[in-house]
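Each remark here refers to the structure printed beneath this line.
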Amino acid sequence: MKHKIKSLVIMSLLAVLSVAVAGAQNTSITLDFPNWKAGESHFDEHEWTEVIAGDIPLVITVPHSGTKKPKEMADRTCKDEQGRLVRGWDRYTADMAHAIRNAFLEKYNKSPYFVINHVHRRKVDQNRDIVAVCGDEKGEEAWNNFHIAADSAIADVLRKFGHTLYIDLHAHGHENQRLELGYNLTKEELQKAFKKEDLKKYAAKSSMSNYIAKNPDTDIWELLFGAQGFGAFISKEGLPATPAMQDPHPVGDERFFSGGYNTRRYTSSEHPNVFGFQIESNYRKVRDSKANMKLFAEAFGRAYYNFANTLGL
Ligand SMILES: [Zn+2]
6 MKHKIKSLVI
16 MSLLAVLSVA
26 VAGAQNTSIT
36 LDFPNWKAGE
46 SHFDEHEWTE
56 VIAGDIPLVI
66 TVPHSGTKKP
76 KEMADRTCKD
86 EQGRLVRGWD
96 RYTADMAHAI
106 RNAFLEKYNK
116 SPYFVINHVH
126 RRKVDQNRDI
136 VAVCGDEKGE
146 EAWNNFHIAA
156 DSAIADVLRK
166 FGHTLYIDLH
176 AHGHENQRLE
186 LGYNLTKEEL
196 QKAFKKEDLK
206 KYAAKSSMSN
216 YIAKNPDTDI
226 WELLFGAQGF
236 GAFISKEGLP
246 ATPAMQDPHP
256 VGDERFFSGG
266 YNTRRYTSSE
276 HPNVFGFQIE
286 SNYRKVRDSK
296 ANMKLFAEAF
306 GRAYYNFANT
316 LGL
C-alpha cells in the first residue's frame, strides 16, 4: 500500500534552508516513522524517494536504482573531484530491495528499513556529495529527499535499538561474478590487512569502526576474513563475495569498489552508533531473474542474521 507523504518535501525545503543558513547538513529533521507500520512503502509527492519502515536494526539504502527522468530536473553535466561523470544506473537494485523485504517478511515477519531512489543517475547521484547535482534546484530537492529519508530512518532505528547495521546496495559490471563488500578499504588495504599489517589503522578507517570503538575486543581480521564474517556467511550460501574467508581480497588488476559517499557518510564518527558496508552486487545468480533475486534475498536474510549474531545485535 502506498502512502503519499508531503512531509518529506516540506522537510526537504527546511533542510535546503538550514543548509543555506547553517552551511551544513541538518540531521535533526525526522519523518513520521513511529506512526508507520513496518513494511509499508511511503513516497514523497513526486515519487522520487521511496521509504519503507522497518522493525529490525538494519537500514538499506539503494541510491542508483532510479529509472525516472523528470523533465523539470536538469541532466547532470559537471564532473566530480576525480574528474568523472558517471551517469549509469544500477540495474534491478530496486527489485532486489523489494525481494529482500518480501523474503524478510515471509520468513521472519520482520522488515529492514529501506530508502530507495527512483530518479535516474543521469539526473541525480545519490551516492555523491550534493555538489554532484551541479546546482540544479530540482536535483537538490531529490538529493535532499533521499538523504533526509536515510537520516530519518537511521534516527528511528537508533531510537528503538540504540545501534544499526547500515548497507548501501549497488550493482557492478565487473567481470568477476561475486559480491564486492565495501568496508571503506581499498584492494591494496585489504591485501595488507589480510597479512595482518596495520590492522589497527584499517580497523579505524573501516566502515565497521564505530562498532569496533564500542566493542574494542573486536578483531577486524575476523570480521573481514574469518568464518563469522558477513563475507563468509553469504559465500556459504553459494553467493561468492570478497572480502570473505573463501576469497579474502581482489588480486592483480581486478576491479573492486571499496565503498562510496553513503558508506563513508553514514558510518562516520557523526553517526557513532551506525556501522556496516557497501554491497556491490554482480549480475549472475543475484539479479539476473526474479527467481534468483528471491533466492538471493533469502540467502541474504540468513547471512544477515548470522552476522548480527556475530556482532551481538
Ligand atoms: Zn551504484
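Each step along the sequence shown adds one to the number in the working numbering, with nothing skipped, and position 54 is 59. Glycine included, C-beta positions come from ideal geometry on N, C-alpha and C. Given the structure is predicted, the values throughout are model-derived calculations rather than measurements.
Q) Using DSSP with H/G/I as helix, E/B as strand and the rest coil, what is Gln251? A) As a first step, residue 251 must be located in the sequence shown, where it is residue number 246. In this structure, Gln251 counts as coil in the three-state DSSP scheme.
Q: Taking Ser211 as the reference, give the member of Leu228, Asp222 and Lys200 with the closest Cα.
A: By one-based count along the sequence shown, residue 211 stands at place 206. When only C-alpha atoms are compared, the closest one is Leu228.
**Q.** Length of the line joining the Cα atoms of Tyr207 and Leu195
**A.** Translated into the one-based positions of the sequence shown, residue 207 becomes position 202. Translated into the one-based positions of the sequence shown, residue 195 becomes position 190. When rounded, the distance between both Cα atoms is 9 Å.
Q. Where Ala20 and Asn149 are concerned, what is the direct C-alpha to C-alpha distance, given to the nearest angstrom?
A. Indexing the sequence shown from 1 puts residue 20 at position 15. Indexing the sequence shown from 1 puts residue 149 at position 144. Residue confidence for Ala20 is low, a pLDDT of 45 falling below 50, so the modelled location carries little weight; the figure read from the coordinates is stated next. Distance between the alpha carbons of Ala20 and Asn149: 7 Å.
Q) Hey, which residues come within less than 5 Å of ligand 1, measuring from Cβ to any heavy atom, in chain order? A) His69, Asp95 and His175
Q) Can you name the start and end residues of the alpha helix (DSSP H) that Thr98 belongs to? A) Against the sequence shown, residue 98 aligns to sequence position 93. First-last of the alpha helix (DSSP H) with Thr98: Thr98 to Tyr113.
**Q.** Contact under 7 Å by Cβ, Gly306 with Phe109
**A.** Taking the first residue of the sequence shown as position 1, residue 306 is located at position 301. Taking the first residue of the sequence shown as position 1, residue 109 is located at position 104. Yes; because the gap between Cβ atoms is below 7 Å, this pair is in contact.
Q | Cα-Cα separation between Asp130 and Asp224, rounded to whole angstroms | A | Counted from its first residue, the sequence shown places residue 130 at position 125. Counted from its first residue, the sequence shown places residue 224 at position 219. About 34 Å.
Q. How many angstroms separate the CA atom of Val291 from the CA atom of Thr247?
A. Here residue 291 corresponds to residue number 286 of the sequence shown, with the count starting at 1. Here residue 247 corresponds to residue number 242 of the sequence shown, with the count starting at 1. Rounded to the nearest angstrom, the two C-alpha atoms are 15 Å apart.
Q: Tell me the start and end of each unbroken alpha helix (DSSP H) in the stretch 116-173 that is at least 4 residues and wholly inside, in chain order.
A: 142-166
(Q) Check for me: the beta strand (DSSP E) holding Gln196 runs from which residue to which? (A) To locate residue 196, count along the sequence shown from 1; it is residue 191. In the DSSP assignment, Gln196 falls outside any beta strand (DSSP E) and within the unbroken alpha helix (DSSP H) covering Lys192 to Phe199.
Q: Could you give the DSSP three-state label for Gly88: helix, strand or coil?
A: Stepping through the sequence shown from its first residue, residue 88 is reached at position 83. It is coil, neither helix nor strand.
(Q) Relative to the C-alpha of Val67, which candidate in Ile61, Asp80, Trp53 and Glu77 has its C-alpha closest? (A) Along the sequence shown, one-based indexing puts residue 67 at 62. Of the candidates Ile61, Asp80, Trp53 and Glu77, the one whose C-alpha sits nearest the C-alpha of Val67 is Trp53.
Q) Between the C-alpha atoms of Ala79 and Ala155, what's the straight-line distance to the nearest angstrom? A) The sequence position of residue 79 within the sequence shown is 74, counting from 1. The sequence position of residue 155 within the sequence shown is 150, counting from 1. Cα to Cα, the separation comes out at about 23 Å.
Q | Where His265 falls: helix, strand or coil (DSSP) | A | Mapped onto the sequence shown, residue 265 falls at position 260. Looking at the sequence shown, residue 265 is not His but Gly. If DSSP states are grouped into helix, strand and coil, Gly265 belongs with coil.
Q) Tell me the DSSP bridge mates of Ala182? A) Position 177 of the sequence shown, counting from 1, holds the residue named residue 182. According to the sequence provided, residue 182 is Gln. The question's Ala does not apply to it. None; Gln182 has no bridge partner.
Q. Looking at C-alpha atoms only, which residue of Lys84, His103, Pro117 and Asn311 is the closest neighbour of Val138?
A. Looking up residue 138 in the sequence shown gives position 133. Selected option, being the one with the closest Cα: Lys84.
Q: Put Thr315 into one of helix, strand or coil per three-state DSSP.
A: Indexing the sequence shown from 1 puts residue 315 at position 310. Here Thr315 sits in helix by DSSP.
Q: Pick helix, strand or coil for Gly187, following the three-state DSSP scheme.
A: The sequence position of residue 187 within the sequence shown is 182, counting from 1. Residue state, collapsed to three classes: strand.
**Q.** alpha helix (DSSP H) segment containing Phe235, residue limits
**A.** Position 230 of the sequence shown, counting from 1, holds the residue named residue 235. DSSP places Phe235 inside the alpha helix (DSSP H), whose first and last residues are Phe235 to Lys241.
Q: Could you name the residues of the same chain whose beta carbon sits closer than 6 Å to that of Arg1, not counting the 5 residues immediately before and after it, in chain order?
A: Residue numbering for the chain in the displayed model covers 6 to 318; residue 1 lies beyond these limits and cannot be assessed.
Q | CB-CB length for Thr72 against His152, believed under 8 Å | A | Working through the sequence shown from its first residue, we reach residue 72 at position 67. Working through the sequence shown from its first residue, we reach residue 152 at position 147. Actually they do not touch by this definition, with Cβ atoms about 20 Å apart.
Q) Which first and last residues belong to the beta strand (DSSP E) in which Met285 is found? A) By one-based count along the sequence shown, residue 285 stands at place 280. Looking at the sequence itself, residue 285 is Glu, so the reference to Met does not match. For Glu285, the enclosing beta strand (DSSP E) starts and ends at Val279 to Ser286.
Q) Since Thr54 sits in a beta bridge, which residues does DSSP pair it with? A) Reading the sequence shown from its first residue, position 49 is the one you call residue 54. Beta-bridge pairing links Thr54 to Asn122.
Q) How is the beta strand (DSSP E) around Leu204 delimited, first residue to last? A) The residue you call residue 204 lines up with position 199 of the sequence shown. Premise fails: Leu204 lies in the alpha helix (DSSP H), Leu204 to Lys210, not in any beta strand (DSSP E).
Q) So, Ala158 versus Arg96, is the Cβ gap smaller than 7 Å? A) Walking along the sequence shown from the start, residue 158 turns up at place 153. Walking along the sequence shown from the start, residue 96 turns up at place 91. It is not a contact, given that the beta carbons lie outside the stated cut-off.
**Q.** Identity of the residues DSSP links to Ala232 by a beta bridge
**A.** Within the sequence shown, the letter at position 227 stands for residue 232. For Ala232, which the question treats as bridged, DSSP gives no partner whatsoever.
Q: For the beta strand (DSSP E) containing Ile65, list its first residue and its last residue.
A: Along the sequence shown, read from residue 1 onward, the residue named residue 65 stands at position 60. Start and end: Leu63 to Val67.
Q. I think Arg126 touches Gly88, with their Cβ atoms under 8 Å apart; what is that distance to the nearest whole Å?
A. Indexing the sequence shown from 1 puts residue 126 at position 121. Indexing the sequence shown from 1 puts residue 88 at position 83. In fact, because the Cβ distance is near 17 Å, the residues do not count as touching under 8 Å.
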